[in-house]
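Basically my numbering = 1-based index in the sequence shown + 53. Using N, Cα and C, we set each Cβ at its ideal position, and we do this for glycine too. Small disclaimer: the values here were computed from a predicted structure and weren't measured.
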Amino acid sequence: TTEGGSSGSPLFNEDHRVIGQLHGGYASCNSNDADWYGSMETSWAAGLDDYLDPEGTGERVVDTLAPWSRGLDIAPESGLSAQGLAGGPFTPDGASYTLTNDGDDDVDYAVSVDAGWVGLSTTDGTVPSGEDLDLELTFGPAAASLSTGLYTATVTVAWDDEGEDTREVTLQVGERSDVLTWDMESEPEWNADGGWAWGIPEGQRGSMGLPDPESGATGDYVYGYELGGGYGSFMDEEHLVAGPFDLRGYAGTELRFQRWLGVEGPPYDAASISVSVDGADYDTIWEAESETDDGTWVEVAYDLSNWDDEAQVWIRWTMGGSDRDVEFCGWNLDDVVISAIVAGEGGVDKGFDDESSAVCGGCASGGAVGWLGLLGALGLVRRRR
Numbered sequence: 054t055t056e057g058g059s060s061g062s063p064l065f066n067e068d069h070r071v072i073g074q075l076h077g078g079y080a081s082c083n084s085n086d087a088d089w090y091g092s093m094e095t096s097w098a099a100g101l102d103d104y105l106d107p108e109g110t111g112e113r114v115v116d117t118l119a120p121w122s123r124g125l126d127i128a129p130e131s132g133l134s135a136q137g138l139a140g141g142p143f144t145p146d147g148a149s150y151t152l153t154n155d156g157d158d159d160v161d162y163a164v165s166v167d168a169g170w171v172g173l174s175t176t177d178g179t180v181p182s183g184e185d186l187d188l189e190l191t192f193g194p195a196a197a198s199l200s201t202g203l204y205t206a207t208v209t210v211a212w213d214d215e216g217e218d219t220r221e222v223t224l225q226v227g228e229r230s231d232v233l234t235w236d237m238e239s240e241p242e243w244n245a246d247g248g249w250a251w252g253i254p255e256g257q258r259g260s261m262g263l264p265d266p267e268s269g270a271t272g273d274y275v276y277g278y279e280l281g282g283g284y285g286s287f288m289d290e291e292h293l294v295a296g297p298f299d300l301r302g303y304a305g306t307e308l309r310f311q312r313w314l315g316v317e318g319p320p321y322d323a324a325s326i327s328v329s330v331d332g333a334d335y336d337t338i339w340e341a342e343s344e345t346d347d348g349t350w351v352e353v354a355y356d357l358s359n360w361d362d363e364a365q366v367w368i369r370w371t372m373g374g375s376d377r378d379v380e381f382c383g384w385n386l387d388d389v390v391i392s393a394i395v396a397g398e399g400g401v402d403k404g405f406d407d408e409s410s411a412v413c414g415g416c417a418s419g420g421a422v423g424w425l426g427l428l429g430a431l432g433l434v435r436r437r438r
């Protein structure tokens, strides 16, 4: 049987060739109903040949390549990271990527890196058929000479003059701290459109999917969209905007929060997060690429380092637009944190004295004056290093 979202999945014959594709049906993991697979021959005549045989060769069969049978596989797929105080040491030192050759032939490789603070255990050689090679990364004197901040480098592995892959390496020099926090137990007076509200969620659901929570991740309150149920049909984008924040003197800035989100996903319904330096033009840093239905609190984090050292930064959560019929529970946010590595000895003077009051989670007003007051209340850099 098939589950919703399987449309387009292939039907294979005994020669492992695609002869049809799923067009629709009522089957699911809980229902043994009918599915409809279309014939590749019919699709071909209806225009698929324009894509698979654009030059009109008349070929009706092609064997694809097995990606594991040639070249190198590099694990992990994500980048490696290390951290430590200025001057080192940095841990982990000697973390490694594993180069795997699952093919039938030996593979010659070459490795390079675009930053001098990363050391490589090997720069070229051969990985025999069926064997692994560990590529170790080290952080020596060049890394120890770096000042406080967040640094990235790219390691490139090339093989047999026909393949190449890259991995990112991140080095955090200095300690990361939480420089702005909102636990949602008092209301952050952010700018909210339409269905966005601060309060206690009611555990209700939309027409589909899992329900909202009945409380925050660590307390009673959240900032969410339609705390009493799901978002609506045919809605336009509605935004929750926090800011502006003064990020001067920070490196490796990160947005972190607890998320409980339900959204059908594209091309039907949308949810996203974006960032602006002028409060008007926004860059998307995350958007739901498929159905998302958390049904529990999930901690998520997003890189804001592209906006390090900016004097004004706005963060925007967006619900919508949406189509008709299917609505999920929408956004719920709790324990929102902006963390960063504080550059230098004292960072940037935000314009307030050291006698400012202690941190108040959510005590600012909605406008720029209110946010400047919050930054003053934080006494950010000197008081929280």
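Quick one: complete alpha helix (DSSP H) runs, 4+ long, within the region 174 to 233? Runs of the alpha helix (DSSP H) inside the region 174 to 233: 194 to 197.
Quick one: Cα of leucine 190 to Cα of serine 174, how far? 7 Å
Classification of tyrosine 104 by the beta-carbon crowding that lies within 10 angstroms, buried from 16 upward: In this structure tyrosine 104 is exposed. Its beta-carbon is surrounded by fewer than 16 other beta-carbon atoms within 10 angstroms.
Where do the ends of the beta strand (DSSP E) carrying threonine 371 lie? 366 to 372
Going by other Cβ atoms of all chains shown within 10 Å of its Cβ, with 16 needed for buried, is leucine 138 buried or exposed? exposed
Excluding sequence positions up to five away, which residues of its chain have a Cβ less than 6 Å from the Cβ of valine 115? none
Between the C-alpha atoms of tryptophan 350 and glutamine 311, what's the straight-line distance to the nearest angstrom? 6 Å
Find out if the Cβ-Cβ distance for the pair asparagine 154, leucine 125 is shorter than 7 Å. Yes. Within cutoff.
Using a 10 Å radius around the Cβ and a threshold of 16 neighbouring Cβ atoms, would you call glutamate 380 buried or exposed? Glutamate 380 counts as buried, since at least 16 other C-beta atoms from the protein chains shown sit within 10 angstroms of its C-beta.
Exposure of tryptophan 251, with buried meaning 16 or more beta-carbon neighbours within 10 Å: buried
Taking all protein chains shown into account, decide if valine 275 is buried (16 or more other Cβ within 10 angstroms of its Cβ) or exposed. Looking at its Cβ environment, which holds 16 or more other Cβ atoms inside 10 Å, valine 275 is buried.
Please classify serine 329: is it buried, with 16 or more other beta-carbons within 10 angstroms of its beta-carbon, or exposed? buried
Helix, strand or coil for aspartate 402 per DSSP? For aspartate 402, the predicted model reports a pLDDT of 36, less than 50, meaning its position is unreliable; a value from the coordinates is still stated below. It is coil, neither helix nor strand.
Cross-strand partners of glutamine 136 (DSSP beta bridge): Thr144 and Gln225
Residues near alanine 197 in its chain [Cβ-Cβ closer than 7 Å; skip 5 each side]: Gly140 and Gly141
Assuming leucine 293 and tryptophan 370 form a contact by the criterion Cβ under 8 Å, report the distance between their Cβ atoms to the nearest whole angstrom. 4 Å
7 Å Cβ shell around phenylalanine 143 - same chain, five flanking residues per side excluded: Ala135, Gln136, Gly137, Phe192, Ala196 and Leu224
Whether valine 226 touches valine 208 by CB criterion (7 Å): For valine 226 and valine 208, no; Cβs fall outside 7 Å.
Output needed for alanine 304: all residues of its chain with C-beta closer than 6 Å, excluding positions within five of it in sequence on either side, in chain order. Gly202, Leu203, Asp361, Ile394 and Ala396
To which residues of the same chain is alanine 354 closer than 6 Å at the C-beta, ignoring the five residues directly before and after it? Glu307 and Arg309
May I ask you to report which of helix, strand or coil DSSP gives threonine 349? Assigned with DSSP and collapsed to three states, threonine 349 falls in coil, not helix or strand.
Leaving out the 5 sequence neighbours to the left and right, which residues in its chain are closer than 7 Å to methionine 288 when beta-carbon positions are compared? Gly373, Gly374 and Ser375
Do you know how far the Cα of serine 182 is from the Cα of aspartate 158? Distance between the alpha carbons of aspartate 158 and serine 182: 5 Å.
Can you list, in chain order, the residues of its chain with a C-beta nearer than 6 Å to that of serine 325? Leave out the 5 residues immediately preceding and following it. Thr337, Glu340 and Thr371
Suppose contacts are defined by Cβ-Cβ distances below 7 Å. Is isoleucine 391 in contact with alanine 295 by that definition? Not in contact: isoleucine 391 and alanine 295 (Cβ atoms no closer than 7 Å).
List the DSSP bridge partners of leucine 386. Tyr276 and Arg312
I need the DSSP call for cysteine 416, collapsed to helix, strand or coil. For cysteine 416, the predicted structure reports a pLDDT of 32, less than 50, and the residue's modelled location is therefore unreliable. A value from the coordinates is still provided. Three-state DSSP puts cysteine 416 in coil, outside helix and strand.
Neighbour-count burial assignment, alanine 323, 16 or more Cβ in a 10 Å radius: Around the beta-carbon of alanine 323, 16 or more other beta-carbon atoms lie within 10 Å, marking it buried.
Between the alpha carbons of glycine 132 and asparagine 385, how many angstroms are there, rounded? Glycine 132 and asparagine 385: Cα-Cα distance of roughly 30 Å.
Selection from Pro320, Leu357 and Asn359 that minimises the alpha carbon distance to serine 343: Nearest C-alpha to serine 343: Pro320.
For glycine 415, which residues in the same chain have their Cβ closer than 8 Å to its Cβ, ignoring the five residues on either side in sequence? Bear in mind that the predicted position of glycine 415 carries a pLDDT of just 33, short of 50, making it unreliable; the figure below should be weighed with that in mind. Once the five neighbours on either side are set aside, the close Cβ partners of glycine 415 are Trp235, Asp236, Met237, Glu238, Ser239, Glu240, Pro241 and Glu242.
Which stretch, first to last residue, makes up the beta strand (DSSP E) that contains serine 96? Element bounds for serine 96: not the beta strand (DSSP E) but the alpha helix (DSSP H), 93 to 96.
Assigned exposure category for proline 129 - 16 Cβ within 10 Å defines buried: Label assigned to proline 129: exposed.
Which of helix, strand or coil DSSP assigns to glycine 57: coil
What's the C-alpha gap between tryptophan 97 and serine 327? C-alpha of tryptophan 97 to C-alpha of serine 327: approximately 41 Å in a straight line.
Coarse secondary structure for aspartate 103, derived from DSSP in three states: Aspartate 103 falls in the helix class under three-state DSSP.
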